[in-house]
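This report refers to the structure that appears directly beneath it.
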Amino acid sequence: MPRREIPSNHDDVIDSRDIIEAIESGDLDEEDQKAFEALAAEAEGSPDWPHGETLIRDSYFEDYARELAEDTGMIKGDEEWPLRHIDWEAAADELKQDYFSVDFDGVEYWIRS
931 MPRREIPSNH DDVIDSRDII EAIESGDLDE EDQKAFEALA AEAEGSPDWP
981 HGETLIRDSY FEDYARELAE DTGMIKGDEE WPLRHIDWEA AADELKQDYF
1031 SVDFDGVEYW IRS
């Protein structure tokens, strides 16, 4: 299996398996190793952490909520009405009830609880 790209806290979405692989690879410098290990310790409470859990950057969460609604068939995404009237910020805030936040080297990410 090809090696995954090492994630950074600039990524909008991170797969937990990439974090795990980076920690186990030995390719991280000491500072990054500590940041990745701290993130893993905080996020391991998520049910699918070892199998591939998605971490969503806080600044991207509203877009993620829209994509999730489209991907799960809740909306088609091409309608003008009522989509232009939906408060996506409020929808994203409500969706966060099923997530908990973790810190990745000073950047807040959300992961499913």
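For the sequence shown, the working numbering assigns the number 931 to the initial residue and increments by one for each residue that follows. Note that CB positions come from ideal geometry on N, CA and C, so glycine has one too.
**Report entry** Unbroken alpha helix (DSSP H) run spanning residue 955, endpoints
**Finding:** As a first step, residue 955 must be located in the sequence shown, where it is residue number 25. Segment 946-955, the alpha helix (DSSP H) holding residue 955.
Requested in this report: Assign residue 965 to buried or exposed, taking buried as 16 or more other Cβ atoms, counted over all protein chains shown, within 10 Å of its Cβ.
Outcome: Locating residue 965 in the sequence shown gives position 35, counting from the first residue. So residue 965 ends up on the buried side.
Report task. For residue 953, collect the residues of the same chain with a Cβ closer than 8 Å to its Cβ; drop the 5 residues on either side in sequence, then sort them by chain order. Result -> Residue mapping note: residue 953 aligns to position 23 of the sequence shown, counting from 1. So the list reads 963, 966, 967, 970, once near-sequence residues are dropped.
Query raised in the report: What residue ranges within the region 970-1017 form continuous alpha helix (DSSP H) runs of no fewer than 4 residues, ordered along the chain?
Result: 979-982, 991-1001
**Report entry** Inter-residue Cα distance where the pair is residue 1003 and residue 1011
**Finding:** Working through the sequence shown from its first residue, we reach residue 1003 at position 73. Working through the sequence shown from its first residue, we reach residue 1011 at position 81. Roughly 16 Å separates the two Cα atoms.
Query raised in the report: Between which two residues does the beta strand (DSSP E) carrying residue 1041 extend?
Result: On the sequence shown, residue 1041 is found 111 positions in, with the first residue counted as 1. Where residue 1041 is concerned, the enclosing beta strand (DSSP E) stretches over 1037-1042.
**Report entry** Three-state class that DSSP yields for residue 1033 in the structure shown
**Finding:** Counting from 1 along the sequence shown, the entry for residue 1033 is found at position 103. In this structure, residue 1033 counts as strand in the three-state DSSP scheme.
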